[in-house]
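The next block holds one structure in the form of C-alpha cells; read it before the comments.
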Amino acid sequence: MAETNRAWTMASRPVGEPAPKNFALTESAVPEPQHGDVLIRTLFMSLDPYMRGRMRSGPSYATPLKPGDVMTGEVVARVEKSKSQKYVAGDIVRASIGWQEWASLSAHDVKRVDPSLGPVSTAVGVLGMPGLTAYHGLLDIGQPKAGDTLVVSAASGAVGAVVGQIGKINGCFVIGVAGSDEKCAYVVDELGFDAVINYRTQNVSNELGRLAPSGIDVYFDNVGGTILDAVLNNLANKARIAICGQISQYNAPELPVGPRNFQVLLRTQSRAEGFLVYQFERQHEVGRARLASWIREGRLKYREDVVDGFENAPTAFIGLLRGENFGKLLVKLSD
Ligand code: NAP
Ligand code: FER
137 MAETNRAWTM ASRPVGEPAP KNFALTESAV PEPQHGDVLI RTLFMSLDPY
187 MRGRMRSGPS YATPLKPGDV MTGEVVARVE KSKSQKYVAG DIVRASIGWQ
237 EWASLSAHDV KRVDPSLGPV STAVGVLGMP GLTAYHGLLD IGQPKAGDTL
287 VVSAASGAVG AVVGQIGKIN GCFVIGVAGS DEKCAYVVDE LGFDAVINYR
337 TQNVSNELGR LAPSGIDVYF DNVGGTILDA VLNNLANKAR IAICGQISQY
387 NAPELPVGPR NFQVLLRTQS RAEGFLVYQF ERQHEVGRAR LASWIREGRL
437 KYREDVVDGF ENAPTAFIGL LRGENFGKLL VKLSD
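Here my numbering = 1-based position in the sequence shown + 136.
Structure, rendered in C-alpha cells:
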C-alpha cells in the first residue's frame, strides 16, 4: 500500500501570537529514494522557539519561510530504505526536514544518531541543538568561574535546565527564573539549582537583590524583556551576559524601545554578547560527548515534554511561546 506523507506548512504569517489558522496540513505521496538517497520516517519532531522567527519576514541568519513552505525543524527519524552505502534500513538519524512524516534526501544531509548515548529523542534535546546551545553559550560566552553567581531564565526549559546544571558542575551559585511553582520546585529539587524565582508571582529585581547581594556575575538570557531589566539592576562588576534568546519578544508585533538600563554595562564594565549555537559547530562533537558523560555520571538530568501525534504540532508550538511546555518539547509521531 502506498504511504501518504503529511506535512505542516505555514499557511500565513502570524501577527502576534501564532494561531491554528497560520498552519495547514498537507498530504503528498511518500517519495521514492534515488541513487545516493535515504528514505526516512520521523519518530520525534523537535519544536523550538526559533521557529517563530522563521515565520517572520525581515533580517535573520536564516531565510524566512514563505506562505506554503513546510515549517522548519529538525527530526529524529528511522531509515526505511537506503540507496546509499552510508546507511541501512533501521539506522537512526537526525535531519532538518521540517514538520513532516517522511522525506527522501541525500545521505549527506542526514546525521547518524548513536543510540548508545541515550534515548534517541535526546539527539534533538539535551544531546542536540538545545544542549549544545547551553554548553557553548555558558562556557564560551558566559565564562563562569567557581564562586560566580549565575542567573538563567526559562530555567526549566531545554536550554535553561542544562545551563544551570553546567553552572553547578563549574562551582557557581545558580539562580533560576521560571514561570510556575511546579517548574521552580523542579529546578531546585531535581536539578540542584541553589535558588529560583517565579517571575509570574514574585518581584524578580527584589528577589535577585536578596539572593545575590554581591551581584550577578553571569546572566544566561533566554527571555529578554522585564527579566533582563531586573538582572541589569543587580549586575556585579565585570559581568557577562550571554544573549541566547529573547522569547518574551518573539510574538510582539512591535518591539519595545530599550533595554532601558543598558548604562549599567558601563558602570559595571560588563559585557553582553549574543551568539548562535551554529558558530560553535566545529566543537559540537566534543560538547556532545561531555554532555553524554555528565548524563551517564548522573550529574546532568533532563526532562522531555512529549506531545503525542503529528496533528498536535501547531497547538504544542503555540503553547511553547506561552510557557505551557515543561522540558524539551517534542512531538512523537504515531508508530
Ligand atoms: P524552552 O525553555 O524549553 O521553552 C520556552 C520557555 O520559555 C517556556 O516554557 C517559558 O518558560 C519561557 N517563556 C515563554 N514565554 C515567556 C515570556 N514571555 N517571558 C519569559 N519566559 C517565557 O525553550 P528552549 O528551546 O530551551 O529555548 C530557550 C531560549 O533559547 C529561547 O529564547 C530560544 O530562542 C533560545 N535559543 C537560542 C539558540 C541560539 O543559538 N542562540 C539556540 C536554541 C535556543 P517559563 O514558564 O519558565 O516562562
Ligand atoms: C533562536 C532564536 C533566534 C535561535 C536563533 C535565533 C538557533 C536567530 C535569530 C535571528 O537570526 O534573528 O532560538 O536558535
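Backbone N, C-alpha and C define an ideal beta-carbon position, used for all residues, glycine too.
Annotation for F309: the continuous beta strand (DSSP E) segment containing it runs 309 to 314.
Relative to the ligand FER, L465 has its C-beta separated by 7 Å or more from all heavy atoms.
Here P154 is buried, its C-beta having at least 16 other C-beta atoms within 10 Å. Proximity to F309 across V299, L286, G152 peaks at L286, based on C-alpha coordinates. Considering only N373, K157, A331, I228, the residue with the shortest C-alpha distance to A408 is N373. For L456, the distance from the CB to the nearest heavy atom of the ligand NAP is below 7 Å. When distances are taken from the beta-carbon of Y197 to the heavy atoms of the ligand FER, the shortest one is below 7 Å. G293 sits away from G312, with the two beta carbons spaced by 8 Å or more.
Relative to the Cα of M146, the nearest Cα in the group S193, V174, L401 belongs to S193. In this structure, DSSP gives W430 a helical state, which the three-state scheme calls helix. Residues N334 of the same chain have their beta carbon placed closer than 7 Å to that of D317, with the five preceding and five following residues left out of the count.
When distances are taken from the beta-carbon of N358 to the heavy atoms of the ligand NAP, the shortest one is below 7 Å.
By the C-beta criterion, the stretch 250 to 267 is judged to be in contact with the stretch 228 to 235, since at least 3 inter-stretch pairs fall below 8 Å. Here DSSP, grouped into helix, strand and coil, assigns E237 to coil. Leaving aside the five residues that flank M187 on each side, the residues in its chain whose CB is nearer than 7 Å to its CB run, in chain order, M207, T208, G209, F453. For N358, the three-state secondary structure derived from DSSP is coil. Annotated as proximal: V211 and F180, with beta-carbon spacing under 8 Å. Its Cα nearest to that of H244, the residue V174 stands out among W430, G463, V174, R149.
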